[in-house]
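Scroll down for the structure; my scribbles are underneath it.
Chains as they are written, first to last, in our numbering: chain A, 1 to 114; chain B, 1001 to 1117.
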């Protein structure tokens, strides 16, 4: 079945470490890609999005993601995390092949130790 | 970014009663609205997609008679959980998009935590 996969369910790292969260999707054709963050007790916030153009997308709070079409991937990165980056991160894909519905990955819970 | 307001943020109801959750786009017209359900420590599961003025499209496994969705205007969609049971307790989230096409972002409401006792 077509889906969105996030490989890591839990990530624990120390402040100043680099972060990379994987996201793969299985939809063919045109896709729009998103990364959302959900801080404890808060609602979803958009970190960044890719519609077209430069496959390296820069978002808020120092996050970036790279769309690699050949690998069906859209991995999220941050060079140096802070304690305040502790949150759950969701990759989401909007695919024409899926009727333009926004489908979420399973989420990755990130804990940054001070 | 655009604002989507969801109300109520929390609701507790007795088993067998119905609960209505409202989702409003405050500063844009939402052609399409999505309703999601999020179980504890899990991802968002799409329940249904509604386009203004037409019937909602439900995902497989979602009971349309139990989760009634109305999208009567371009700024309001409602989800009614009918004859709620404890297993319906969950976090319900709506999102709204301005156009039916792909190249537009969906904005999310704050979510509604439903507890059925």
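Each residue gets a CB set at the ideal place from its N, CA and C atoms; glycine is no exception.
query                                                                                                                   : result
Span of the beta strand (DSSP E), counted from its first residue to its last, around residue 1012(B)                    : 1010 to 1013
Extent of the continuous beta strand (DSSP E) run through residue 60(A)                                                 : Premise fails: residue 60(A) is in no beta strand (DSSP E) and is neither H nor E.
Cβ-based burial, residue 1010(B) [other Cβ within 10 Å; buried from 16]                                                 : exposed
Within-8 Å CB hit, residue 1106(B) to chain A                                                                           : yes
At least 3 beta-carbon pairs within less than 8 Å: the region 1010 to 1026 of chain B vs the region 56 to 64 of chain A : no
Residue 1003(B) vs residue 1108(B) beta-carbon contact at 8 Å                                                           : no
With 16 other Cβ atoms within 10 Å as the buried cut-off, status of residue 83(A)                                       : exposed
CB contact below 8 Å: residue 43(A) versus chain B                                                                      : yes
Chain A contacts made by the region 1041 to 1057 of chain B, where a contact means CB separation under 9 Å              : 1041, 1042, 1043, 1044, 1045, 1046, 1049 and 1057
Contact list for residue 1061(B) against chain A, beta-carbon separation under 7 Å                                      : Simply none; closest approach about 13 Å.
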